[in-house]
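Participant:
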Amino acid sequence: MNRVVITGAGVTSPLGTGKPQFFAGLREARSGVRAIRSFDATSFPVRIAGEVPDLDPGKVALPFAQAPALRRDPKALFFIEAAREALAQALGGRPIDAPFDPFRVGMSVATGLEIFHTPDLLSHVSSGRLDRAGLLAQAMREPAEAFMEIPSDLAVTCVAREAGLRGPRAVNVSACAAGSQALGEAFCLLRDGELDAVLSGGFDSMVNPIGVGGFSLLGALSTSNHLGAGASRPFDVGRDGFVLGEGAAAFFLETASSAERRGARMLAEVLGYGSSLDAFRVSDPDEHERGAVAAMRAALADAGVAPAAVDYINAHGTGTRKNDPAEARAIRAVFGDAPPPVSSTKSQIGHLIGAAGAVEAMAVLFALAEQTLPATINLHNQDPECALDCVPNRPRPARIRVALSNSFGFGGQNACLVLGIADALPT
Amino acid sequence: MSDTPSSPVTETVEQRIIRCVAQVLAKNPAEVPLQSRLFEDLGADSLDLVELMYVLEDEFTIKLDKQDLSLSAQLGLPESEVHQNEVLTPKALELLRQRYPQAGALLDEGVTRARLAPLLTVEALAIGIGNKVAGKDVAKEVSHAR
Amino acid sequence: MNASVRIVVTGVGLHTGHGDTRQSWTALHQGRSALTYEHAWNLHAPETGQEVLRFPAAVTRDPSPVAFLADRKSVKYMGPCTQMAVLAAGRALDDAGLLGDGAAADREHTALFLATGPIAFDVEHALSSFGEPAAADLLALRYEGLRRCHPLLPFKMLLNMPLGLVSITFGIKGENFILYPGADQGAFAIAHALHGLRRGRFARALVGGSACSLGLAPVMHLRRAGRLASTLEEAQPFSPDHAAWAPADQAAFVVLETEAEAARRSRPAQAYLDDAVVLGPGSVDHLWQTRAPAPAPQLIFCTGMLNAADVKADRRRAARWSTAPALASADGLLGVAPAASFVLGAALACLTLRDGRVPSAITDGVPPARIARSMVSFRDGEAAALAVLSVDSAETAA
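Chains as they are written, first to last, in the numbering used here: chain A, 4 to 430; chain B, 553 to 698; chain C, 474 to 871.
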């Protein structure tokens, strides 16, 4: 069994692009949530989201053939940027080569729903019916790599080619749990010696009419547009739903021995992974939180870490009426009456769906690197049913050696990661 | 299918509500008695109510919101007389206690509208929706092929 | 890898254009095709009615999974990918003796790994729920247009719903993921299950693929990429005219467990899963060099073959053994749904091993007399994969 470490990391999020921006945003307890700018949301009940503020699609270098399709899908560009930052840190900008065997370097990434450029479709709709023949005619005229392509697939291919990865690739679409699952699967592959390194992470953007509209229809989103940056309020008595966010995070994972051999700096160690299913109902989480408890316990057992050794929990913490108290109960079931501090990064950046688990893992990296607990912002009146130390409003210095990150997804998928500073455990 | 000519049958509001509830819960209308409680007896969940609202909007060609599907909608009172910050007014509580004598502690002072959900019956829904469409022609001419 | 822990297939479940597992397997033995030109996806110019696109495809029959549902209501959350996943998963669990009251505890610790794609979102289904007045709002992507959408539409759009609904329907609670969009993802799911079983992370895994290639967006993709067969002949994998695919909606599931676990449950092993591995671009030769089994398999189920050149390449690879295995592919009779195709290949390999014979209608040349080991292989521009199944893994010791 190998020890698994992170030697490169990259991120783009509503707090900005690049690790320095992200860490500064956490340090300063900033919010990336504001009025939606990327489409005209005036007719929508939800008009706020966490958008990446500073990535110019035109400035991202892309391979010629795939560029038209990639430039139209923000999440693809988020991933390419984040992956480049992670690979630059891990490999100094070189493609995968000796000492790595390219066939033993893979990818395990998470992404979200493909909307297939709804405007392309809608221009052929009249009277509620789609003119398929007209759509096909346009499809055949358009450049080969644009118009209803699968940008996620292209983005993964593009990054793999650029980096020279030739190992297996997994593209995980498990919604809110996907990012944590992708990291967890990468961890398993490396620990078991199936591969020597994996580029992992997640990318997503549902900040578009279909995403905002769809989640609005389900009543899942906060409609407190007037609060703007203050609308994402996990654990607060006034919370009224989650705020959508977008972004990407990428991590280069390798075995500790590989990192040591080539003198790579270890940012953190991945200690354990737990994954479970609620198998309860489509509409509601299990009121006994059995799936969440099982995933947390499994992650801790996998890491060989007792609950008392966990210094920080990065919560799923969506800010919906149901999730937060349920998660609080689940945490107390696992950690007892004095659980470690818990905070929700979603208070600052919103819910990044397929990218959430990955970007929140980056928040854990911040905590480990700066020995500072990220805050839950917008916490003015904590819900007594969320009986936790939620690190309200301001980050707090703390001794953080081991942290747990939770992702509890739509459909009942639960994924938990245990991360630690590189020398948290004895060899 | 029979050869006899179909005759127009007038569906009451209650019958239309039953048909909609049955559709959403994948049941036969016969399995949806008026007195049955949506959550407790028929196994509805929060998503079913979201869907039911959509189906009812289509059925009655009206726009509905969550309040119209709550237990207090049957009282036919303006909202300000039903609740203050979600807590039911004494007036609304008294009226509900008369209609639901078995409700006991569920209708204690201080109860919020959200906590009334277990009491919601098909009949209460029908009255609430009926209130909303009051003024419209609620009896629909429906032709059933036999 | 702890290769001494033997992993077995104890259940297989299919949903294809021919129906369930038995119907599909019987049809293949009888050489019956599920492909037809008579389906709803040919395109006509709206003004003249003239046909602008005509192609063969496999249409699934009656994908409703109601028979497996304790709660009929949950069908309303299911798009076609989800329905087929529930059906095929249920059949595989049934085949493995994992349905029924006594089996509930076994399902609690079962892992679940799926592949799906390329899209769960049936565009026209969505549009049909809008209605005329909303179309203008929809064109402008204003909320009023979206608001007219049926509230359950988001469920049918979410890619992970097949996994969620299989989990809910059958009470499966273990380690899980759902991947997308291609055939290599199904191979990754099988490989991952194999590793986890050998490592003891779980004692049982339900692995499947459920894919809808017969829909507006997938058909557009295939057509633009030049991969949509215009004739039945073009869709026949071993024909010299083989040039493209006939799209299908399909699902295939297998139940994998350790040999010890199968024995504990007194379930026979239908086949042993000896190996499963996936790699990235340009890796097929390396993959075969390092992982092709010895002794040779008698049969290789080839998935992902696009045209005659691909078949020629597969035949060349098969010639590495002194007795070259025969190639097999059900693409010409069942059509292709990439995310399901590798698991389908594994399921068909399993049925072949169970019966000891492969349907001649799907075999390239003369079917081997006795089949004790079968490979499943996949290759496209971005990935390569193989799996090895056999009737007795004692023979696989290299």
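Glycine is no exception: its CB is placed at the ideal position from the N, C-alpha and C atoms. These numbers come from a predicted model, not from an experiment.
Classify Pro670(B): buried if its beta carbon has 16 or more other beta carbons within 10 angstroms, exposed otherwise.
Facilitator: exposed
Participant: So within the stretch 479 to 562 of chain C, which uninterrupted beta strand (DSSP E) runs reach at least 3 residues, ignoring any that extend past its ends?
Facilitator: Within the stretch 479 to 562 of chain C, complete beta strand (DSSP E) segments of at least 3 residues are found at 480 to 488, 524 to 526, given in chain order.
Participant: Any idea if Lys546(C) is buried or exposed, counting beta-carbon neighbours within 10 angstroms, 16 or more meaning buried?
Facilitator: With 16 or more other Cβ atoms within 10 Å, it is buried.
Participant: Taking the alpha carbon of Gly320(A) as the point to measure from, which residue in Gly196(A), Leu65(A), Gly109(A), Gly244(A) has its own alpha carbon closest?
Facilitator: Gly244(A)
Participant: Would you say the stretch 474 to 493 of chain C touches the stretch 566 to 585 of chain C, given that touching needs at least three Cβ pairs under 8 Å?
Facilitator: yes
Participant: Mind checking Lys78(A): buried by the 16 CB within 10 Å criterion, or exposed?
Facilitator: Buried.
Participant: Give me the DSSP bridge partner(s) of Cys685(C).
Facilitator: Per DSSP, Asp722(C).
Participant: Does Val337(A) get closer than 7 Å to chain C when you measure Cβ to Cβ?
Facilitator: no
Participant: Taking a contact to mean a Cβ-Cβ separation below 7 Å, would you say Cys775(C) touches Asp722(C) in this structure?
Facilitator: no
Participant: Taking Cβ to Cβ, would you say Ser847(C) is nearer than 7 Å to Ala813(C)?
Facilitator: no
Participant: With 7 Å set as the bound, which would you pick, yes or no: does the beta-carbon of Ser219(A) sit closer than that to a beta-carbon of chain B?
Facilitator: Under the 7 Å criterion on CB atoms, Ser219(A) is classed as non-interfacial with respect to chain B.
Participant: From the DSSP output, in three-state form, read off Arg764(C) for me.
Facilitator: helix
Participant: Can you give me the Cβ contacts of Ala232(A) inside the same chain, cut-off strictly under 7 Å, excluding the 5 residues immediately before and after it?
Facilitator: If we look at Ala232(A) and ignore the five residues flanking it on each side, its Cβ neighbours are Ser34, Val36, Arg37.
Participant: Tell me whether Pro624(C) is buried or exposed, calling it buried when 16 or more other Cβ atoms sit within 10 Å of its Cβ.
Facilitator: buried
Participant: Just to confirm my understanding: we take Ala690(C), look at its own chain, exclude 5 residues before and 5 after, and list those with CB closer than 6 Å. What are they?
Facilitator: Ile592
Participant: Counting C-beta neighbours from all protein chains within 10 Å, is the total for Asp650(B) 16 or more, i.e. buried, or is it exposed?
Facilitator: The question names Asp, but residue 650(B) in the sequence shown is Gln. Counting Cβ neighbours within 10 Å, Gln650(B) comes out exposed, since fewer than 16 surround it.
Participant: Arg737(C): buried (16+ other C-beta within 10 angstroms of its C-beta) or exposed?
Facilitator: exposed
Participant: State the Cα-Cα distance for the pair Val285(A) and Leu695(C), rounded to the nearest angstrom.
Facilitator: If you take the alpha carbons of Val285(A) and Leu695(C), they lie about 33 Å apart.
Participant: Under 8 Å Cβ-Cβ, which residues of chain A neighbour Leu594(B)?
Facilitator: Those do not exist, as Leu594(B) stays about 14 Å from chain A at its closest Cβ, beyond 8 Å.
Participant: Where Ile663(C) and Leu817(C) are concerned, what is the direct C-alpha to C-alpha distance, given to the nearest angstrom?
Facilitator: 11 Å
Participant: Would you tell me roughly how many angstroms separate the C-alpha atoms of Leu687(C) and Ala44(A), rounded to the nearest one?
Facilitator: 33 Å
Participant: Please state the DSSP three-state secondary structure of Glu197(A).
Facilitator: coil
Participant: With a threshold of 6 Å (Cβ to nearest heavy atom), would Val607(B) be considered close to the ligand SAM?
Facilitator: Questions concerning the ligand SAM fall outside what the structure shown contains, since it holds no ligand whatsoever.
Participant: Is the CB of Val478(C) under 7 Å away from at least one CB in chain A?
Facilitator: With 7 Å as the cut-off, Val478(C) does not count as an interface residue toward chain A.
Participant: Since Leu645(B) meets chain C, which of its residues come closer than 8 Å, beta carbon to beta carbon?
Facilitator: Per Cβ cutoff of 8 Å: no residues; Leu645(B) is ~31 Å from chain C at best.
Participant: Can you check the stretch 795 to 831 of chain C for any alpha helix (DSSP H) of at least 4 residues that lies completely inside it and give the ranges in chain order?
Facilitator: DSSP runs (the alpha helix (DSSP H)) wholly in the stretch 795 to 831 of chain C: 804 to 807, 811 to 828.
Participant: What does the Cβ neighbour count give for Ile380(A), buried or exposed, with the cut at 16 atoms within 10 Å?
Facilitator: buried
Participant: Tell me which same chain residues have a C-beta within less than 8 Å of the C-beta of Leu133(A), skipping the five on either side of it?
Facilitator: Residues Leu124, His127 of the same chain have their beta carbon placed closer than 8 Å to that of Leu133(A), with the five preceding and five following residues left out of the count.
Participant: Tell me Asp837(C)'s beta-bridge partners as DSSP assigns them.
Facilitator: Leu800(C)
Participant: So does the stretch 357 to 366 of chain A actually touch the stretch 101 to 114 of chain A, counting three or more Cβ pairs closer than 8 Å?
Facilitator: yes
Participant: Could you pull out every residue in the same chain whose Cβ sits closer than 6 Å to the Cβ of Ala858(C), ignoring the five residues on either side in sequence?
Facilitator: Excluding residues within five positions, the ones whose Cβ falls inside 6 Å are Asp657, Ala660, Val751, Phe851.
Participant: Could you tell me the distance, in whole angstroms, from the CA atom of Asp660(B) to the CA atom of Leu648(B)?
Facilitator: 11 Å
Participant: For Ile651(C), decide whether its Cβ has a neighbour in chain A, counting only Cβ atoms nearer than 7 Å.
Facilitator: yes
Participant: In its own chain, which residues sit with a C-beta less than 6 Å from the C-beta of Gly805(C), not counting the 5 before and 5 after it?
Facilitator: Ala708, Gln709, Pro710
Participant: Check for me: the beta strand (DSSP E) holding Gly53(A) runs from which residue to which?
Facilitator: 51 to 53
Participant: Would you mind telling me which residues of chain B sit closer than 7 Å to Arg545(C), beta carbon to beta carbon, in chain order?
Facilitator: Ala578
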